[in-house]
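Here is the structure we will look at.
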Amino acid sequence: MEFDWPFFFEVLIGGLLAGVMYSLVALGFVLIYKASGVFNFAQGAMVFFAALTFVSLVEKGLNFWLAMAATLAIMVALGVAIERVVLRPLVNQPQITLFMATIGLTFFLEGLSQGMWGAQVHGLELGIKDVPFKVAGISISQFDLFAAGTAAALVAALAVFFQKTRIGRALRAVADDHQAALSVGIPLKHIWAIVWAVAGFVALVAGLLWGSRIGVQFSLTLIALKALPVLILGGFESIPGAIVGGLIIGASEKLAEVYIGSPIGLGIGTGMENWFPYMLALVFLLVRPEGLFGEKHIDRV
Amino acid sequence: MRVRLGFGIRIAAVCLGLTGAVVAGQALAQQAKEQFVPMLSYRVGPYAAGGSGFFSGYIDYLDMLNKRDGGINGVKLTWEECETEYKNDRGVECYERLKNKGPTGGTVFTPLSTGITYAILERATNDKHPVMSMGYGRTDASDGRVFPYVFPIVTNYWSQNTAKIKYIGQREGGMDKLKGKKIVNLYHGSAYGKETIGILDAQAKKYGFEVSHIEVPHPGNEQQSQWLQISKIKPDYVILRGWGVMNPTALKTAQKVGYPSDKIIGVWWSGAEEDVIPAGDAAKGYIAAGFHPSGKDFPVIQDILKHVYGGGNKGAMDDPKRIGQIYYNRGVIQGILTAEAIRTAQDKYGKRPINGDEMRWGIENLKIDEKSIKQLGAFGMLQPLSLSCLDHEGGGAVKFQQWNGERWVVITDWIQSDQTLVRPEIEKSAAQYAKEKGITPRDCAKEAAAGKK
Amino acid sequence: MFYREAGQFRVSYAEDQRIFPIRQDRYGFVAVLLVAFVGVPLLANEYWFSAILIPFLILSLAALGLNILTGYTGQLSLGTAGFMAVGAFAAFNFAIRIPGLPILAVFMLAGLTAALVGIVFGLPSLRIKGFYLAVATLAAQFFIEWVLTKFGWFSNNNPSGVITAPAMKLFGMFPVDTPMKRYLFTLTIVAVMALLAKNMMRCATGRAFMAVRDMDVAAEVIGIPMLRTKLLAFAISSFYCGVAGALWAFAYLGSVEPQAFTLDRSFQILFMIILGGVGTVLGSFLGAAFIVLLPIFLNNFVHRIVPGLSSDLLSNLELMIFGGLIIFFLAVEPHGLARLWQIGKEKLRLWPFPH
Chain A
333 MEFDWPFFFE VLIGGLLAGV MYSLVALGFV LIYKASGVFN FAQGAMVFFA ALTFVSLVEK
393 GLNFWLAMAA TLAIMVALGV AIERVVLRPL VNQPQITLFM ATIGLTFFLE GLSQGMWGAQ
453 VHGLELGIKD VPFKVAGISI SQFDLFAAGT AAALVAALAV FFQKTRIGRA LRAVADDHQA
513 ALSVGIPLKH IWAIVWAVAG FVALVAGLLW GSRIGVQFSL TLIALKALPV LILGGFESIP
573 GAIVGGLIIG ASEKLAEVYI GSPIGLGIGT GMENWFPYML ALVFLLVRPE GLFGEKHIDR
633 V
Chain B
2 MRVRLGFGIR IAAVCLGLTG AVVAGQALAQ QAKEQFVPML SYRVGPYAAG GSGFFSGYID
62 YLDMLNKRDG GINGVKLTWE ECETEYKNDR GVECYERLKN KGPTGGTVFT PLSTGITYAI
122 LERATNDKHP VMSMGYGRTD ASDGRVFPYV FPIVTNYWSQ NTAKIKYIGQ REGGMDKLKG
182 KKIVNLYHGS AYGKETIGIL DAQAKKYGFE VSHIEVPHPG NEQQSQWLQI SKIKPDYVIL
242 RGWGVMNPTA LKTAQKVGYP SDKIIGVWWS GAEEDVIPAG DAAKGYIAAG FHPSGKDFPV
302 IQDILKHVYG GGNKGAMDDP KRIGQIYYNR GVIQGILTAE AIRTAQDKYG KRPINGDEMR
362 WGIENLKIDE KSIKQLGAFG MLQPLSLSCL DHEGGGAVKF QQWNGERWVV ITDWIQSDQT
422 LVRPEIEKSA AQYAKEKGIT PRDCAKEAAA GKK
Chain C
18 MFYREAGQFR VSYAEDQRIF PIRQDRYGFV AVLLVAFVGV PLLANEYWFS AILIPFLILS
78 LAALGLNILT GYTGQLSLGT AGFMAVGAFA AFNFAIRIPG LPILAVFMLA GLTAALVGIV
138 FGLPSLRIKG FYLAVATLAA QFFIEWVLTK FGWFSNNNPS GVITAPAMKL FGMFPVDTPM
198 KRYLFTLTIV AVMALLAKNM MRCATGRAFM AVRDMDVAAE VIGIPMLRTK LLAFAISSFY
258 CGVAGALWAF AYLGSVEPQA FTLDRSFQIL FMIILGGVGT VLGSFLGAAF IVLLPIFLNN
318 FVHRIVPGLS SDLLSNLELM IFGGLIIFFL AVEPHGLARL WQIGKEKLRL WPFPH
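Have a look at this one:
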């Protein structure tokens, strides 16, 4: 039977675009890990909180941009609060403790989001009709393209921010070596607050896009789990790694679901999507333990 | 360093207080003429929207009965909510905590979760507390001979599935027109999701249509590959057997690949406002099964609004806009069934608080006809029910409704299930369970003859 | 004052190597055992057995398993629930397919199966470290979940995929059916395995584990075989988790859906060892008690103390308080409850004198 090329490209492109969405979430992780060395598991809950706050404000009557500004302000405040209440008391603790603290933070944020705004689900319309359009016989989703474009713009903005502005340089210095940064006079606490605020902004964008894709509801917090294999592949500290990792994971996940499942005789739709990205990342790690773009960790005895 | 020790003592105090509070929680002052209804509810977590709607409706109905009628034949209803977070072990803990509360113990358990139903099934049977798994739970519990204490009342998954195929047949112009058609079963990757694979295959064989089963791994917020495959198969219908976020994602992704929404037919756990609103206009035209409609116009809902919410009082539903929505009404129906079963049991055992065993009898002999439905103010909401020792389902029919962007519009009348297909499967599965567990099935005829209680 | 060691001499190597060298400790421990084996069955009611004590014991066993791997050997793992699931399903299959197999043998075999799976998924640890390893073990978690759900053979081709555990009979004669019997059964198994774990960690195996945790390159240099040690850690840890999973199915819930062993459970157990104290046996128990009791306490307490708030808000408040308390405890005592206990004991040795 002739290989169905158009379908293959549909799956591939769909996967790549989905992968960009994963990268968006992974970006938040990378930012925080880079600057404060904390693996912020609460990123998923932050995405949910941001999306829920935005949608509730819009439903209460605020207009789109005002609501976005208000949510941004809230996210920044949240980031600062987290830095003060969670991170500062735990300074110098081993990574695992900080990781667990962020999981505690996840519970807190989940309860806060639904306590504040209620348990209902909301739709989120960004004004883009998600009807597919055909290019050379292949259906591509408009919305996914828009999301990819937004993510690209965000990455570009972040890249400029890190490379060209003073604060960006300070962030990179802190990521490199806390002590050295302190000794040059960089205010560590301010930097961390800024990083968390930026991560909050990224969470907001991710929340808007994902919320528009699947609705604003509790399951948004689970998106974080999709971002983890992306992080492994790309390395925890690399922004381009998050993008590339996302693309690879997204594409391979979909392709595996469609093409590996069927021939093995497990029937179409084998549900491999859940573990395949992790397996892939695992295999990758065996070859390159720090991820594609991660920093090599040198163990000294 | 002394601060540390003080802190340590404080910890010990907290632990003691902790155990004390849990223990104290057991000893509640007992009132005489009260019927305690335990609520294994969930209001946090991914399914909080459905849970909060359902249990609020349930509580509001019982509250209304207390306020309007003074309870059931003078026996007031009391209740307590225990948060399960939709987790099985929390459900078990809540069950154990609430089962002995109240003068006669927990009347009936309605966990609104198939997983929790499975987890408490044996305990409830041993402790003699009935479980009403209305529209969910173990399908084979419809065979009351093996599961005396479990009631998948109103309709179960398999019955609903056959009704769905009948509806599709209706749309096509007759069951014979089903031959050669393609149907995709898009199901949630869980025990709940897989329940209908067998029955669909059986019907495919009987009516000659082609069915493909596609799994969506939990939680289902990414369905691109599944829907791309569906668009390749080009089925005539897609049966959506989803749960939670899988539902709106399915509808949105269907729009993404260009599959028409009115060819997607969902089960009733994919047919509430929470499942379609997040999908926006991708959900317009989507059809779902339901064993009750939404709406506020029913007299019983109006009564709740008057007696519970009237005069600015607060009921259990935080957001009054959600009164009349699908999950809320589902809770009200649960309330109706519980109350009527209590009434049935009271008619036999006396107008006093009844215990679990008596409630079991009450549910098993529950008969609600058109006249009583009208009296209850639920005409159109509830179908006539008649349970028995053999049949713990009692109804089996569903209605189909379509989402028009703002609300659900009922588009069919009650469609009955095909029990000739369903019943043998149920009995087979129940028999296997009985064999595994070493249970001797009841003899319904003998019990009826002996006029056993 | 009463915790003085004066007058207690150790006159043999055996006495020197005791787990509890101080007499007061020994008496205290015996008292705890008496309360657990005799006092609780006499005093507790069914609710306590079924809903609190049994899950607490089983989860402490799983926490112990994870502690062996993460606390003592430093290999961060998030696949705990997956190994528990393997144990549960393996126990079910052994019990169903080999009728007449004694229940203890069923559990042993289930544990061994889990250990084998643990070895397979432990192989990456030879190359990957730290957080990357944690995320890699997630692969184990999700893969195991998928395999057990996908292939009907594991659940005896039950149409709904939910297995009901067969009844347990100790030595083929004594049925373990009432909550109290289940409690005693679980307690015995957990006590024996905890003792084994404690001793294992005090001997050469445990020391090798700790060497790997502290600095694995140095450990390799002095001759500790990396491959064998790490895989052994995974095997033992998975054995414990497997037995815990089997107990969860047989002695607690009575039925298992693969969704009972999700990522949430893995996180829960990780919480237990972090809050209880990484790298201690006592910590596993303290952490398990904390995590099991706290939500129930909150559920009871919050509803009572703040009447008039809507149920929605109350439930969410519980969740918030739970998260907040975790952060609080981590900030106040990052080494966990076991460390608090240790400090308490040190204070007791001097009491009533300040130093």
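Residue numbers (the numbering used here), protein chains in the order written: chain A, 333 to 633; chain B, 2 to 454; chain C, 18 to 372.
Every residue gets a Cβ at the ideal spot worked out from N, C-alpha and C, and that includes glycine.
Bear in mind that the values here come from a model prediction, so they are computed numbers and not experimental data.
Contacts of residue i in chain F (Cβ-Cβ under 8 Å)
i                      : result
residue 392 of chain A : You won't find chain F in this structure, because its protein chains are A, B and C.
Backbone secondary structure at residue i - three-state DSSP
i                      : result
residue 186 of chain B : strand
residue 365 of chain A : helix
residue 290 of chain B : strand
residue 57 of chain C  : helix
residue 310 of chain B : coil
residue 104 of chain B : coil
residue 315 of chain B : coil
residue 29 of chain B  : With a pLDDT of 43 at residue 29 of chain B, under the threshold of 50, the modelled position of that residue is not reliable, and the figure given next carries that caveat. It is coil, neither helix nor strand.
residue 147 of chain B : coil
residue 362 of chain C : helix
8 Å Cβ shell around residue i - same chain, five flanking residues per side excluded
i                      : result
residue 69 of chain C  : 309, 310, 313
residue 126 of chain B : 148, 149, 150, 151
residue 404 of chain A : 532, 533, 536
residue 180 of chain B : 208, 209, 210
Host beta strand (DSSP E) of residue i (start-end)
i                      : result
residue 465 of chain A : 464-467
residue 41 of chain B  : 35-42
residue 410 of chain B : 409-411
residue 550 of chain A : Careful: residue 550 of chain A lies outside any beta strand (DSSP E) and carries neither H nor E.
residue 79 of chain B  : 77-84
C-beta atoms of residue i and residue j nearer than 7 Å
i                      : j                      : result
residue 347 of chain C : residue 401 of chain A : no
residue 326 of chain B : residue 274 of chain B : yes
residue 361 of chain A : residue 552 of chain A : no
residue 418 of chain A : residue 437 of chain A : yes
residue 295 of chain B : residue 586 of chain A : no
residue 134 of chain B : residue 149 of chain B : no
residue 128 of chain B : residue 88 of chain B  : no
residue 151 of chain B : residue 339 of chain B : no
residue 196 of chain C : residue 66 of chain C  : yes
residue 634 of chain A : residue 222 of chain B : The structure shown does not extend to residue 634 of chain A, since chain A is modelled only from 333 to 633, so the question has no answer here.
residue 182 of chain C : residue 111 of chain C : no
residue 236 of chain C : residue 132 of chain C : no
residue 299 of chain C : residue 355 of chain C : yes
residue 246 of chain B : residue 220 of chain B : yes
residue 216 of chain B : residue 183 of chain B : no
Sequence-distant residues of the same chain with beta carbon closer than 6 Å to residue i, five excluded per side
i                      : result
residue 256 of chain B : 283
residue 482 of chain B : Outside the displayed range of chain B (2 to 454) lies residue 482 of chain B, so it cannot be described from this structure.
residue 407 of chain A : 382, 532, 536
residue 214 of chain B : 186, 198
residue 241 of chain B : 187, 251, 265, 267, 271
Close Cβ partners of residue i (< 7 Å) along its chain, the five nearest in sequence each way excluded
i                      : result
residue 323 of chain B : 54, 329
residue 165 of chain C : 102, 106, 171, 275
residue 396 of chain C : Residue 396 of chain C is absent from the model: chain C starts at 18 and stops at 372.
Residue range of the unbroken alpha helix (DSSP H) whose run includes residue i
i                      : result
residue 255 of chain C : 243-264
residue 442 of chain A : 427-449
residue 563 of chain A : 555-566
residue 181 of chain B : Per DSSP, residue 181 of chain B belongs to no alpha helix (DSSP H) and is neither H nor E.
Distance between beta carbons of residue j and residue i, contact taken as under 8 Å
i                      : j                      : result
residue 104 of chain B : residue 41 of chain B  : That pair is no contact at about 20 Å.
residue 288 of chain B : residue 263 of chain B : 6 Å
residue 367 of chain A : residue 563 of chain A : So it is not a contact: roughly 15 Å between Cβ atoms.
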